[in-house]
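Only one structure is covered here, and it is reproduced in the block below.
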Amino acid sequence: MNIPAYTELLNALRSIALLSSTASVLGWDERTMLPPKGITHRAEQMANLAGMVHHRFTAPRIGDLLSELESQQHDPASDLAVNVREIRRNYNRATKLPGSLVEALSRTASLAEGAWVEAKQKSNYPLFRPWLDETLELKRQQAACLADGGDKYDALLDEFEPGAKAADIARLFDEMRPRLVKLIQQIRNSGRVAPIEKLIGQYPIPAQEQFSRFAAEKVGFDFAAGRLDVSAHPFCTDLGPGDVRITTRYDETDFTGSFFGVLHETGHGLYSQGLPAEHYGTPRGEAISLGIHESQSRLWENFVGRSVSFWTFMLPHARRLF
2 MNIPAYTELL NALRSIALLS STASVLGWDE RTMLPPKGIT HRAEQMANLA GMVHHRFTAP
62 RIGDLLSELE SQQHDPASDL AVNVREIRRN YNRATKLPGS LVEALSRTAS LAEGAWVEAK
122 QKSNYPLFRP WLDETLELKR QQAACLADGG DKYDALLDEF EPGAKAADIA RLFDEMRPRL
182 VKLIQQIRNS GRVAPIEKLI GQYPIPAQEQ FSRFAAEKVG FDFAAGRLDV SAHPFCTDLG
242 PGDVRITTRY DETDFTGSFF GVLHETGHGL YSQGLPAEHY GTPRGEAISL GIHESQSRLW
302 ENFVGRSVSF WTFMLPHARR LF
């Protein structure tokens with residue numbers, strides 16, 4: 002496809018994506034390797050990069066290229082049409098936000114997470130409370146910018162599940178609630194209690210890591226294109242084609258937290274590793290929504306990872322290691 006405006010747009014987006022992925026590498030390092038005293042400097046690095054990405058993406062030239070492409074006739078199902086539609090949506094959202102707010106959100110997110118880790122380690126919520134307050138205030142400002150006088154929660158929700166409305170989710174919960182309450186009551190009235198005390202024991206961390214890596218590999222995670230590390234809370238980050246990283250945390254008396262955490266993040270990782278590398282930097286090469294992303298993590302953690310057939314296979318390996 003030789004459409005000059007589209008070629009220029011894709012080149013710009015891929016350059017922006019490379020800059021954004023650089024920030025993602027720093028974000029991964031922040032949550033896995035960074036010494037505590039480095040968080041203030043890292044927050045400034047992250048804020049600076051966030052500002053650069055925002056400045057480049059909201060440049061008037063991006064808007065001009067979109068307008069030129071929108072004035073042309075294209076197959077609605079083509080990669081070009083899909084990319085232009087989604088880039089326009091993202092561009093319209095981004096141009097509503099001042100760069101100073103984007104930088105403040107990024108800076109505060111890093112500082113807040115550092116405070117949260119310390120507060121968690123010391124079981125001292127007041128250490129984190131001021132950062133939570135500041136984060137909420139900045140998110141309110143962001144919502145006000147994006148909402149254009151509309152519902153602020155909808156404006157933020159649209160970032161995670163495009164097109165979704167709070168009212169739609171409320172209706173869904175209203176439909177689910179009676180069935181879930183009934184199910185919980187049936188479980189309580191059954192008298193059956195899971196013998197979780199049988200799982201309490203000593204599980205050396207190296208063995209837990211080996212067990213988790215084995216499970217992740219068996220369900221398809223490619224460790225030649227990914228890593229498993231330790232963090233205060235499990236996460237998955239997609240740094241680009243061939244580099245998807247997952248983390249977990251360990252408890253020597255209970256392997257289930259780390260194990261199911263790895264399966265959950267592996268679900269995210271499988272989705273990310275399956276994205277088309279040839280479309281990197283464009284919406285066509287990104288996850289369709291965070292809701293779909295979460296469905297994949299829950300699929301492997303719960304539907305597969307808690308099934309009898311899965312544990313029929315995994316139990317001999319658990320006994321061998323533990």
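In terms of our numbering, the sequence shown is numbered consecutively and its last residue is 323. In this text, a Cβ means the ideal position worked out from N, Cα and C, and glycines have one as well.
Contacting residues, own chain, Cβ-Cβ under 8 Å from residue i (five flanking each side not counted)
{"i": "V220", "result": "L264, T267, L271, W301 and V305"}
{"i": "I201", "result": "T254 and D255"}
{"i": "T23", "result": "L50"}
Beta-carbon gap between residue i and residue j smaller than 8 Å
{"i": "A13", "j": "I63", "result": "yes"}
{"i": "A233", "j": "K121", "result": "yes"}
{"i": "I185", "j": "L112", "result": "no"}
{"i": "H55", "j": "A95", "result": "yes"}
{"i": "S259", "j": "R246", "result": "no"}
{"i": "F236", "j": "T248", "result": "yes"}
{"i": "T238", "j": "G28", "result": "yes"}
Alpha carbon of residue i to alpha carbon of residue j, nearest angstrom
{"i": "G100", "j": "R299", "result": "35 Å"}
{"i": "D80", "j": "T59", "result": "22 Å"}
{"i": "F161", "j": "I289", "result": "10 Å"}
{"i": "A208", "j": "L276", "result": "31 Å"}
{"i": "L128", "j": "M34", "result": "21 Å"}
{"i": "N93", "j": "S107", "result": "20 Å"}
{"i": "S124", "j": "A116", "result": "12 Å"}
{"i": "P196", "j": "D152", "result": "46 Å"}
{"i": "F323", "j": "Y204", "result": "6 Å"}
{"i": "F215", "j": "A171", "result": "40 Å"}
{"i": "R130", "j": "E138", "result": "12 Å"}
{"i": "L98", "j": "E71", "result": "23 Å"}
{"i": "L102", "j": "A144", "result": "11 Å"}
Coil, strand or helix - residue i by DSSP
{"i": "D230", "result": "strand"}
{"i": "T238", "result": "strand"}
{"i": "T283", "result": "coil"}
{"i": "R246", "result": "strand"}
{"i": "M47", "result": "helix"}
{"i": "A58", "result": "Note that residue 58 is Phe in the sequence shown here, rather than Ala. Correct three-state label for F58: helix."}
{"i": "F311", "result": "helix"}
{"i": "K219", "result": "helix"}
{"i": "E138", "result": "helix"}
{"i": "H75", "result": "coil"}
{"i": "S16", "result": "helix"}
{"i": "P205", "result": "coil"}
{"i": "T267", "result": "helix"}
{"i": "P127", "result": "helix"}
{"i": "I197", "result": "helix"}
Other residues of its chain near residue i: CB distance less than 6 Å, five sequence neighbours each side excluded
{"i": "A48", "result": "E104, S107 and R108"}
{"i": "D155", "result": "K166 and A167"}
Proximity test, Cβ basis, 8 Å: residue i and chain C
{"i": "E287", "result": "The displayed structure is made up of one protein chain only, and chain C is not part of it."}
7 Å CB neighbourhood of residue i in its chain, flanking five on each side removed
{"i": "D76", "result": "A82"}
Near the ligand ADP: residue i beta-carbon under 7 Å from a heavy atom
{"i": "D149", "result": "Within the structure as shown, the ligand ADP is missing, as the structure has no ligands at all."}
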